[in-house]
Structure formats: C-alpha cells, structure tokens
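**Q** Dropping the structure in here first, questions after.
Number of protein chains: 2
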Amino acid sequence: MIKKITIVGGTHGNELIGPYLIRKLEQDGSFSQSAIPVDYLLANTAAYKEVRRFIDADLNRSFTDDILNGHDDSIYEHRRAREINRILGPKPNNERFIIDLHSTTTNMGMTLLVRDHAAFNLQAAAFVQQHMPAVKIIMSDRDNQLSCTLNSLSDYALAIEVGPLPNGVLRHDQFAETEAVIKHLIDFALMPQEEQNTALPESVEIFKVTDRILYPRDDEGELTAMVHHSLQDKDFQELKPGMAMLQNRDGTVTNYEGKSGYPIFINEAAYYYENTALVITNLETVSLRS
Amino acid sequence: MIKKITIVGGTHGNELIGPYLIRKLEQDGSFSQSAIPVDYLLANTAAYKEVRRFIDADLNRSFTDDILNGHDDSIYEHRRAREINRILGPKPNNERFIIDLHSTTTNMGMTLLVRDHAAFNLQAAAFVQQHMPAVKIIMSDRDNQLSCTLNSLSDYALAIEVGPLPNGVLRHDQFAETEAVIKHLIDFALMPQEEQNTALPESVEIFKVTDRILYPRDDEGELTAMVHHSLQDKDFQELKPGMAMLQNRDGTVTNYEGKSGYPIFINEAAYYYENTALVITNLETVSLRS
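If you read the protein sequences in the order shown, they are chains A and B. When you line the first sequence up against the working numbering, it's residues 57 to 346, in that order. When you line the second sequence up against the working numbering, it's residues 57 to 346, in that order.
Here's what the structure looks like:
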C-alpha cells in the first residue's frame with residue numbers, strides 16, 4: 057500500500073531539527089537503499105530562511121480543501137501549500153507515508169502525534185514506543201475536524217514532536233532521538249504485515265486531546281496572565297480541579313476548574329498566536345488488535 | 057548623581073519577560089513613590105508586536121554614534137535608536153541609571169551583564185549577588201569596544217539576562233526572579249554612598265568575556281555542526297582543551313582547542329545570527345574597594 061516515504065522538515069521555519077536532519081539523511085544516504093523509496097521535503101522554505109514559524113500564515117493550518125483549490129496568491133503559505141500538494145498529493149495521496157518533524161518549547165519530551173485515519177499510524181507509533189519506552193503518543197481530534205495540517209495530505213502520516221527546544225535552536229540530544237524515531241518508523245513501514253502484527257503489543261496508552269485553556273487578555277490585547285510556576289514543565293502530569301493554573305498580572309491566581317486530565321503543550325511559544333495556554337488530554341488505553 | 061532610573065523591556069521583541077514586567081510594575085505602582093523617579097520604556101515596539109528579535113537590524117547593536125547621528129531612515133531599528141536617544145539620552149546621559157531586561161535560551165540562570173564604565177555598575181551587581189547568591193556577573197569587553205547597546209546611552213547601566221527561556225515565552229519563576237533583581241538594584245541605587253560601601257563585600261567574582269567560538273558553515277551558508285550534547289547546558293562549567301565541543305554533520309566531533317575557560321551563551325538562539333556557538337570567559341576576582 058505505501059509506495060513512498062516522505063520525511064518533511066521545516067513545516068515551521070523556526071523548528072530547526074527537521075531541516076538539519078533531512079539534509080543530513082540525504083547527504084549520508086541513510087535510506088537510499090530502502091525497499092520503499094524515501095524522499096525529503098523542506099516545507100516552509102521562506103520561513104526557514106528567516107527562522108520564523110511562518111511568513112503570512114501557519115503552513116500547518118493551510119492544507120484545507122478551500123486553500124488547496126483556491127486561487128488567492130496573496131498569502132505565501134497558501135501558495136506553498138498548493139505547491140506541496142502538487143509534490144506530495146494530490147490530497148489524499150494514500151500511497152505515501154509522511155513523517156513530519158517538529159519541535160516544541162514545552163517539556164513534553166519525545167512525542168508522536170497520531171491521526172486516527174489509519175490503524176497503521178497508531179501501530180507504527182506503538183512500535184516506536186516498544187523500542188523507546190519514554191516516547192508518548194498523542195491522538196489529536198482537532199486535526200480530524202479541520203484536516204488542515206501537512207499530514208492531512210495522506211491518511212498515513214505521523215508528526216514527531218520533541219522538546220523542550222527553544223525556537224531557532226538545534227539540540228544534539230533531541231536531534232539524535234528524532235533520528236532514532238525515524239529509523240524505527242521506517243523499519244516498521246518496511247515490515248510485511250504479519251510481521252508487523254507480531255511485533256506489536258496488545259494495546260497502547262494514548263493521550264487524547266479533549267480541551268484547550270485560553271489566556272486572558274486586556275482591552276489592548278495584551279496577556280494578563282501567564283502559566284503558574286507550579287504548572288510549568290508539568291506536561292503529562294495529572295492536573296486536577298483546584299490546582300493553580302495561571303498567575304494573573306494583578307497578583308491573583310486562577311485555578312484549574314475542568315475535569316482531571318493530563319496537560320500538554322504547557323506554555324508553548326507557538327500557541328501564544330492561538331491564545332492557548334495549555335491543552336488537556338485524557339489518558340486512554342486503545343487495543344491494537346482488529 | 058543618578059537622577060532617574062529607567063527600566064527597559066523589549067529591546068529584543070521576542071524576549072517577553074521585560075515588556076510584561078514593565079507593564080506590571082507600572083500598573084501596580086511598585087516604584088511610584090521612589091526617591092529617584094523610575095520610568096519605563098518598551099524599546100523595540102514594532103518587533104515586540106511581531107514577537108521577533110528585530111525587524112530590520114538588532115536594536116541592541118544600533119546605538120553607535122554613526123547611527124545616532126545618521127539620517128538614513130531605511131532601517132526601522134536605526135530610526136527607533138534615534139527616538140530612544142531623544143527620550144533617554146542624548147548619549148551619554150549619566151544622570152540616568154538604565155536597567156535593560158533580557159532573556160537567553162541558554163542554561164545560564166540569572167546573570168547580570170556589567171560594563172565597566174562606572175564602579176557603580178559592578179557594585180550594584182555585587183549587592184544583588186549578596187541577596188541572591190545564585191546570580192552570576194558577566195563583564196563584557198565587546199561593548200567597551202563597540203558601544204552599540206541601548207545601555208551605552210549611560211555609563212550607569214546593567215542588563216539582566218535570565219534563562220533558559222525560549223523566545224516568545226513568559227516563565228513565571230524567571231519573571232519573579234527578574235522582578236526581585238530589579239528591587240535589589242533600585243534599593244542599592246537609593247542608598248547613600250557610605251551605606252553602599254558598607255553593604256558591599258571586599259571583592260566579587262566576575263566572568264570576563266575573552267573569546268567567541270563560531271559555527272562552521274557549508275558553501276550554501278548552512279550550518280555543518282551543532283553544539284555537542286556533552287557541552288549543551290553546561291554554561292559556567294569549566295571547558296578544557298580536548299573536550300568535545302561541536303558535533304559535525306559528517307559524524308565527526310570537533311574538540312575545544314583554546315585555553316581553559318568558562319563557556320556562556322552555549323547554543324543561544326539569537327547568536328545563530330552572529331554565527332556564535334558559544335562565548336568563552338575567564339573567572340576573575342575583582343576588588344570592590346577603591
């Protein structure tokens with residue numbers, strides 16, 4: 057079914073591990089003899105040059121049908137999304153397995169962001185986790201609804217998200233870890249299906265996105281709160297109602313009032329654009345047997 | 057001698073602690089009754105809006121006489137440097153004590169960057185260190201030569217630099233620490249001189265900048281190395297000749313070959329612009345008695 061594997065870097069131009077890693081893999085020919093051909097794409101070339109997340113709009117929110125079929129050329133990332141759709145698509149191109157490389161400023165460690173369009177994605181993530189037990193798996197529901205990410209070009213797609221890493225910085229340890237994840241993913245994609253089945257556990261734990269907590273802002277649009285120090289860096293640690301969540305500029309503290317959950321993307325730089333202070337997930341066990 | 061104190065935030069538009077903190081101090085009136093008037097300045101207003109270090113050029117390299125006396129209006133930060141010179145200057149305006157708020161992506165903790173134009177600066181830094189022993193003091197020689205920073209507007213000036221903090225992120229703990237440093241600095245500035253003298257230790261340890269290590273790049277201008285994992289986060293820990301320093305894309309390792317020293321700004325995001333992988337300092341003991 058999968059006839060090509062594409063490793064994408066620089067979907068966000070200030071996340072440096074991807075661009076540097078695809079260049080390295082291309083140069084040292086790591087996967088040049090692979091039974092399924094592996095190719096590489098630097099996605100947001102203009103933003104990468106300027107070390108910015110994006111130029112005019114977030115490329116990873118630009119793969120909607122409206123944009124891909126549209127003709128408005130005023131937004132750089134919309135033009136680039138159409139170009140990438142011609143290279144990797146047309147959407148959906150389910151002969152292609154896409155691995156999109158990202159980083160986060162938050163203390164999430166190594167995570168795999170999985171869309172549940174194909175059982176293969178979760179299986180591949182579980183295979184990685186067997187070899188690298190610290191890896192966590194996140195299932196996003198938002199992407200299901202919006203289908204706007206680069207990974208939405210194929211039903212077979214995963215994003216690697218590693219942190220904490222400041223934007224505009226390369227870290228050797230996280231770089232090597234990302235490379236190790238890619239190798240396991242490609243190993244899995246190359247296995248015959250019966251071998252894949254025996255290589256997998258019965259079930260896997262996933263963090264499923266359920267909610268987002270927004271920042272408060274004043275009339276001028278300025279933030280009036282920041283993540284409370286007791287929550288900072290506590291990604292994947294249970295957040296219960298009544299626990300301190302935001303430190304307000306006026307000195308008061310806002311406590312969490314939702315249902316118990318596991319916060320992720322706590323104080324992520326990129327999410328200030330979307331006004332999101334943190335994301336809440338549920339921990340669920342999912343069977344890998346059909 | 058000091059007739060005004062100015063606290064500056066947002067000299068780099070993606071370092072968020074400063075802009076948020078000056079807004080908070082202004083709103084809660086922390087220093088509104090101070091015997092020396094305290095005012096506030098958001099320095100790079102345009103870059104702050106775009107959450108970028110700068111728009112056209114680094115504002116904190118734009119306070120040279122050439123730029124301040126120039127008339128070329130094509131670079132935003134040069135225009136803004138002239139405006140700030142009208143507000144805080146004209147350079148040098150030694151009636152003003154400037155505290156410029158910065159952050160770093162590196163693991164440097166809380167540091168004070170001191171220029172040795174006036175004994176007062178080092179004394180004020182030493183006073184802070186007495187109350188907050190983890191604070192480190194860095195003496196920059198480069199600024200002496202170039203005199204291009206916002207702080208060069210007055211001989212009485214200090215920069216607060218706190219990390220590790222990704223650009224575009226506010227951290228509560230570092231925010232509170234920066235506020236504490238400011239309070240100690242203003243306490244010191246308000247003391248009568250004899251009281252200042254008795255409040256200080258005999259001598260203080262400083263890290264004096266001696267060298268910079270540059271990144272190698274290929275013909276296309278792309279980085280061909282990153283900081284080696286064994287050096288990452290090891291700011292202020294002795295770096296000796298022969299220790300691993302850079303991991304090259306081709307798999308080899310470049311060792312440090314200079315004299316033993318204390319590295320700082322290891323893998324700083326902003327220094328990729330200036331191609332600097334790390335800065336080397338010497339640890340020196342300086343007398344505070346004249």
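For every residue, glycine included, the Cβ atom is placed at its ideal position computed from N, Cα and C.
Tell me where the beta strand (DSSP E) around A:K192 begins and ends.
**A** K192 to M195
**Q** A:L279 versus chain B: which residues are under 8 Å apart at the beta carbon?
**A** Y76 and L226
**Q** Residues of the stretch 222 to 249 of chain B with a CB closer than 8 Å to any CB of chain A: list them in chain order, please.
**A** P222, N223, G224, V225, L226, R227, H228, D229, F231 and A232
**Q** On the premise that A:I58 lies in contact with A:F153, defined as a C-beta separation below 8 Å, what is that separation, rounded to the nearest angstrom?
**A** About 5 Å separates the CB atoms of A:F153 and A:I58; that is less than 8 Å, so the two are in contact.
**Q** What does a CB cutoff of less than 6 Å around A:A213 pick up in its chain, not counting 5 residues either side in sequence?
**A** I154 and N207
**Q** Using a cut-off of 9 Å between C-beta atoms, extract the partners of A:Q83 located in chain B.
**A** R305 and D306
**Q** Name the DSSP beta bridge partners of B:L168, please?
**A** B:L168 is bridged by DSSP to B:I193 and B:I216.
**Q** Go ahead and label B:I322 buried or exposed: buried means 16 or more other beta carbons lie within 10 angstroms of its beta carbon, across all protein chains shown.
**A** Result: buried.
**Q** Going by the CB atoms, is the gap between A:R108 and A:N70 shorter than 8 Å?
**A** For A:N70 and A:R108, yes; Cβs fall inside 8 Å.
**Q** Look at B:G219 and A:N223 and say whether their C-beta atoms are less than 8 Å apart.
**A** no
**Q** When the Cα of B:E340 is compared with those of B:D291, B:E261 and B:Y271, which residue comes out closest?
**A** B:E261
**Q** Pairing CB atoms from the stretch 79 to 94 of chain A with CB atoms from the stretch 107 to 125 of chain A, are three or more of them under 8 Å?
**A** no
**Q** How many Å lie between A:V335 and B:R227 at the Cα?
**A** 17 Å
**Q** What residues of chain A sit near B:R79, judged by a beta carbon separation below 8 Å?
**A** E278 and R305
**Q** Using a beta-carbon distance below 8 Å, is A:V94 in contact with chain B?
**A** no
**Q** Would you mind working out which of B:A113, B:A137, B:P297 and B:L168 sits nearest B:L157, comparing C-alpha positions?
**A** B:L168
**Q** Quick check: is the beta carbon of B:M282 nearer than 8 Å to any beta carbon in chain A?
**A** yes
**Q** CA-CA distance, B:A174 and B:A180?
**A** 10 Å
**Q** Under 8 Å between C-beta atoms, does B:T266 make it to chain A?
**A** no
**Q** Here's a check: name, in chain order, each residue in its chain whose Cβ is nearer than 6 Å to the Cβ of A:D348, leaving out the five neighbours to either side.
**A** Outside the displayed range of chain A (57 to 346) lies residue 348 of chain A, so it cannot be described from this structure.
**Q** Checking the sheet assignment: what are the DSSP bridge partners for B:L144?
**A** Bridge partners of B:L144: none, in fact.
**Q** Would you call the CB atoms of A:A245 and A:I131 closer than 8 Å?
**A** Contact check for A:A245 against A:I131 fails: the beta carbons are separated by 8 Å or more.
**Q** For A:D112, which residues in the same chain have their Cβ closer than 7 Å to its Cβ, ignoring the five residues on either side in sequence?
**A** I131, Y132 and E133
**Q** Along the stretch 128 to 143 of chain B, what residues have a CB closer than 7 Å to any CB found in chain A?
**A** Residues: none.
**Q** Label B:G74 either buried or exposed according to how many other C-beta atoms from any shown protein chain fall within 10 Å of its C-beta, with 16 as the threshold for buried.
**A** With 16 or more other Cβ atoms from the protein chains shown falling within 10 Å of its own Cβ, B:G74 counts as buried.
**Q** Tell whether a beta-carbon distance below 8 Å holds between A:V237 and A:V184.
**A** yes
**Q** Straight-line CA distance for B:R117 to B:R171?
**A** Approximately 15 Å, taken between the alpha carbons.
**Q** Do A:H284 and A:M301 come within 8 Å of each other at the CB atom, strictly closer than that value?
**A** yes
**Q** For A:L98, which residues from the same chain have a beta carbon less than 7 Å from its beta carbon, with the 5 sequence-adjacent residues on both sides left out?
**A** G65, G66, P75, I78 and Y104
**Q** For the stretch 73 to 110 of chain A, which segments carrying the alpha helix (DSSP H) assignment without a break, of at least 4 residues, lie completely within its bounds, in sequence order?
**A** 73 to 84 and 101 to 105
**Q** B:R227 by DSSP, collapsed to three states: which one?
**A** coil
**Q** Can you list, in chain order, the stretches of the alpha helix (DSSP H) that have 4 or more residues and sit fully within the stretch 116 to 144 of chain A?
**A** 121 to 124 and 132 to 144
**Q** What is the DSSP secondary structure of A:D156, reduced to helix, strand or coil?
**A** strand
**Q** Return yes when the Cβ of B:P257 is within less than 8 Å of the Cβ of B:A182, no when it is not.
**A** Contact flag set, yes.
**Q** Throw me the rounded Cβ distance for the B:T332 and B:N304 pair, which I believe falls under 8 Å.
**A** So it is not a contact: roughly 17 Å between Cβ atoms.
**Q** Below 8 Å between beta carbons: does that hold for A:V94 and A:I63?
**A** Cβ atoms of A:V94 and A:I63: closer than 8 Å.
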